[in-house]
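Let me begin by presenting the structure, written as structure tokens, before commenting on it.
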Amino acid sequence: MAGYVGIGVPCGIMESSVGLNALMAFAVSMTFYSGAGQFMVSSMWLAGNPVSAIVASVSFVNTRQMLYSTAFAPYFAGVKKWLTFLFSATVTDESFGVNMGLFRQGGWRPAQATLVNLLCMTTWALSNSVGVLIGDALSIPTAIASFAMTSIFICLLVTQKFDRTNVVVVIASFVGVFLFKLIGLSGAAILLGACLGVACGMLFRRIGGHRELV
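Numbering (the working numbering), first residue to last: 1 to 214.
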């Protein structure tokens, strides 16, 4: 929850720059729960992108949520539909990592996982509102505020336990994002680059496993 304050406040500052007030930022955060998406909306709006491009780009990036739902599906067999829906609608990158680790350890229940999601969601929404108030009171460059989302993913990256497969994934993802941006696919570059990295990692692991068998 504390981690969401560090990125929620800068996101609120950016939302302030596009005209949202504290109540609007809270409402957006509680109904459109996507930190990366909210950063993208503000950044693309400030850059003068059309609404259609913003909607398409944000929707495309958020398709990763389908992968999250698929990963959690075995742990929600037989769970009431309303709870499954509520959980699915409130999953993010960070709560995915926390809940998946606890589910794999055993003894973790869907209701507990949903509570984690809701607490994180509320913290995020309140942090956005605080950020709007700060943005209205102080003049903070949006470039600095927008880097907060990038910085948290850098932190997640450097704290990983690296092996050869992870190194392949990281390098392939970086190269992929760069190439996709180079050819003009800026909106989808991150998602496509990540998919390329995962594919390369799976291929590398399969080849490595085959060599071990040989």
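Every residue, glycine too, gets a C-beta built ideally from N, C-alpha and C.
Problem - Element boundaries [alpha helix (DSSP H), containing lysine 81] - result: 81 to 89
Problem - Burial state of valine 55, where buried means 16 or more other Cβ atoms lie within 10 Å - result: exposed
Problem - Inter-residue spacing [alpha-carbon to alpha-carbon] between phenylalanine 76 and proline 110 - result: 7 Å
Practice task
Just mark glycine 197 as buried or exposed, buried being the case when its beta carbon has 16 or more other beta carbons within 10 Å.
Solution key: buried
Exercise for the section: Run the CB neighbour count on methionine 44, radius 10 Å, all protein chains shown included, and call it buried at 16 or more, exposed below. Expected result: The residue is buried, with at least 16 neighbouring Cβ atoms inside 10 Å.
Handout entry: Proximity to asparagine 166 [Cα-Cα], best of Gly6, Tyr68, Ser59 and Arg205
Key = Arg205
Exercise for the section: Could you pull out every unbroken alpha helix (DSSP H) segment of at least 4 residues lying fully inside the segment 27 to 115, listed in chain order? Expected result: Every alpha helix (DSSP H) of 4 residues or more that sits fully in the segment 27 to 115 is shown, in chain order, as 35 to 46, 51 to 61, 64 to 72, 81 to 89 and 93 to 105.
Handout entry: leucine 185 - DSSP class collapsed to helix/strand/coil
Key = coil
Exercise for the section: Specify, as a first and last residue, the run of the alpha helix (DSSP H) that valine 5 falls within. Expected result: Valine 5 -> alpha helix (DSSP H) spans 2 to 17.
Practice task
Note down the Cα distance separating glycine 101 from tryptophan 108, rounded to an integer number of angstroms.
Solution key: 9 Å
Handout entry: Where proline 74 falls, given that 16 or more other Cβ within 10 Å makes a residue buried
Key = exposed
Exercise for the section: Within the same chain, show all residues whose beta-carbon is closer than 6 Å to that of valine 9, passing over the 5 residues directly before and after it, in chain order. Expected result: Listed in chain order, the non-local C-beta contacts of valine 9 below 6 Å within the same chain comprise Ser127, Val130 and Gly131, local neighbours out to five positions each way being set aside.
Practice task
Take the Cβ of isoleucine 171 as the centre, count every other Cβ of all protein chains shown within 10 Å, and call the residue buried at 16 or more, exposed below.
Solution key: exposed
Practice task
Helix, strand or coil for asparagine 166, going by three-state DSSP, please let me know.
Solution key: helix
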